[in-house]
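Okay, so here's the structure we're looking at.
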Amino acid sequence: MTIVEPNWDLYRSFLSVLKEGSLSGAARALGLTQPTVGRHIDALEQALGLSLFTRSQAGFIATDAAHALQPYAETLSSASSALLRAASGIGRGADRQIEGTVRVTASEVVSVEVLPPLLAQLRDSHPGITIELAVSNRIENLLRRDADIAVRMQRPEQEVLVARRVGHIDLGFHAHRRYLERHGMPQNMEEMTQHTLIGIDTENAFTRKLKMLLGGLANSHFALRSDSDLVHLASIRAGLGIGICQVRLAARDPDLVRLVPEEFNISMETWLAMHENLRSNPACAAVYTALAAGLEDYINGH
């Protein structure tokens, strides 16, 4: 059977229905009418010769075929977005300001607590640059162009990436002075078990490594468990208990006290990375340079 290549609009509707679970939800997300999205799904199924969704009163249920095609459609989506971002910075004369859209990805805490002032300075220097900030604790795929530039807490291994080590970000136990005034200050890791602790909920490679460093501390010792670093930081600031956060962030607040630094410290290598094909893109190059300088200043306490 010869498959006529469907246009991108059909795949975009396909991904939206996958995400939303209904034609109406996909239509709202895409700014289209429900019949239009329905026609897109029918046309894609006909072109591919596959049933992608089971229609039911509960909505559209993805078939095994839909799940098998999903990663390829997502790759198309990433490539389409990357093409538009790249095109936004092409054709600008040397005598004009740098313009374009750059997609940056970073963790929750870095996105909320570290990057905004750096991006504010960048916009002052380059008002023609638009930033898309993808907030995620997972590693975005730069090769697939899910993002243009990534702030990562591990060294990128792909050779086609331009990577710059900007320093180490240290993590340590901290508590608010209000909490310590009420409950006292632990003098060592053993005394930590007598306190209200803030910890991680879901086990993964990082938390398993963390458990080894925590020694005798187990999940049962944590009065609050969350996988959100922002929740940890907010809880520490509220005086709820003792938790782990970036040492440099805590140093900004005189009411946050670091605990048992001699016994517990996690030092994370911090890298800035982008695809080497973006070196010649003026907007990407400007953002990469600005973030590298800003992150180094943050890490060094400037």
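Quick note on UniProt numbering: the sequence shown kicks off at 1 and runs consecutively.
C-beta: ideal position from N, C-alpha, C; glycine also.
Measure from the alpha carbon of alanine 79 to the alpha carbon of each residue in Gly100, Thr63 and Asp148, then state which is nearest. Asp148
What residues are listed by DSSP as bridge partners for glutamate 132? Arg103
Report the three-state DSSP secondary structure of serine 267 (helix, strand or coil). strand
How long is the line joining the alpha carbons of proline 6 and aspartate 297, rounded to whole angstroms? 49 angstroms
Please report the residue range of the alpha helix (DSSP H) in which leucine 32 lies. Run containing leucine 32: none; DSSP gives neither H nor E here.
Are histidine 168 and threonine 75 closer than 8 angstroms when you measure CB to CB? no
Does the contact criterion of 3 or more C-beta pairs under 8 angstroms hold for the stretch 18-25 versus the stretch 45-63? yes
What are the partner residues of leucine 245, as DSSP defines its beta bridges? A small fix is needed here, since residue 245 is cysteine in this sequence, not leucine. BP columns for cysteine 245 point to Gly172.
Start-to-end residues for the beta strand (DSSP E) that takes in leucine 52: Element bounds for leucine 52: n/a, residue is neither H nor E.
Beta-carbon proximity list for threonine 202, same chain, < 8 angstroms, skipping 5 on both sides: Asp227
Same chain, Cβ closer than 6 angstroms to methionine 268, five either side skipped, listed in chain order: Met153 and Ile169
Please classify glutamate 45: is it buried, with 16 or more other beta-carbons within 10 angstroms of its beta-carbon, or exposed? buried
Determine which residues share a DSSP beta bridge with alanine 273 and list them. Ala150 and Ala163
Could you round the C-beta distance between valine 136 and threonine 101 to whole angstroms and report it? I think they count as a contact, below 8 angstroms. What sits at residue 136 in the sequence shown is serine, not valine. The pair is not a contact, with the Cβ atoms about 18 angstroms apart (cut-off 8 angstroms).
How would you label leucine 83, buried or exposed, when you count the other beta carbons within 10 angstroms and need 16 or more for buried? exposed
Helix, strand or coil: how does DSSP classify residue 306 here? Any property of residue 306 remains undetermined from this structure, which presents the chain solely from 1 to 302.
Would you call residue 328 buried or exposed, if buried means 16 or more other Cβ atoms sit within 10 Å of its Cβ? A query on residue 328 cannot be resolved here, the shown segment of the chain reaching from 1 to 302 and no further.
Determine the direct distance from the alpha carbon of leucine 133 to that of leucine 15, and round the result to whole angstroms. 21 angstroms
My assumption, with CB atoms under 8 angstroms, is that threonine 196 sits in contact with glycine 241. Please give the rounded CB distance. 3 angstroms
Buried or exposed for glycine 199, going by 16 or more other Cβ atoms inside 10 Å? buried
Mind checking glutamate 191: buried by the 16 CB within 10 Å criterion, or exposed? exposed
According to the Cβ coordinates, are leucine 180 and isoleucine 266 closer than 8 angstroms? no
Suppose you measure from the CA of aspartate 95 to the CA of leucine 118; what does that come to, to the nearest Å? Any reading at aspartate 95 must be qualified, since the residue scores a pLDDT of 46, below 50, and its modelled position is unreliable; the value itself is stated next. Each residue's alpha carbon lies about 25 angstroms from the other.
For the alpha helix (DSSP H) containing leucine 119, name the first residue and the last one. 115-125
Residue range of the alpha helix (DSSP H) that includes arginine 225: Run containing arginine 225: none in the alpha helix (DSSP H); it sits in the beta strand (DSSP E), 222-225.
With respect to the alpha helix (DSSP H) encompassing leucine 240, which residues constitute its N-terminal and C-terminal limits? Taken as a continuous stretch (DSSP letters only), leucine 240 belongs to no alpha helix (DSSP H), as it is neither H nor E.
Would glutamate 99 pass as a contact of alanine 290 if the rule is Cβ separation under 8 angstroms? no
Who does isoleucine 198 pair with in a DSSP beta bridge? Leu224
Any idea which residues DSSP pairs isoleucine 98 with across the strands? Its beta-bridge partners do not exist; DSSP assigns none.
Work out the CA separation of histidine 126 and glutamine 97 for me, nearest whole Å. 7 angstroms
Apart from the five residues just before and just after leucine 10, which ones in its own chain have a Cβ nearer than 6 angstroms to its Cβ? His40, Ala43 and Leu44
Check the C-beta distance from arginine 164 over to leucine 272 and give it rounded, since I have them as a contact under 8 angstroms. 5 angstroms
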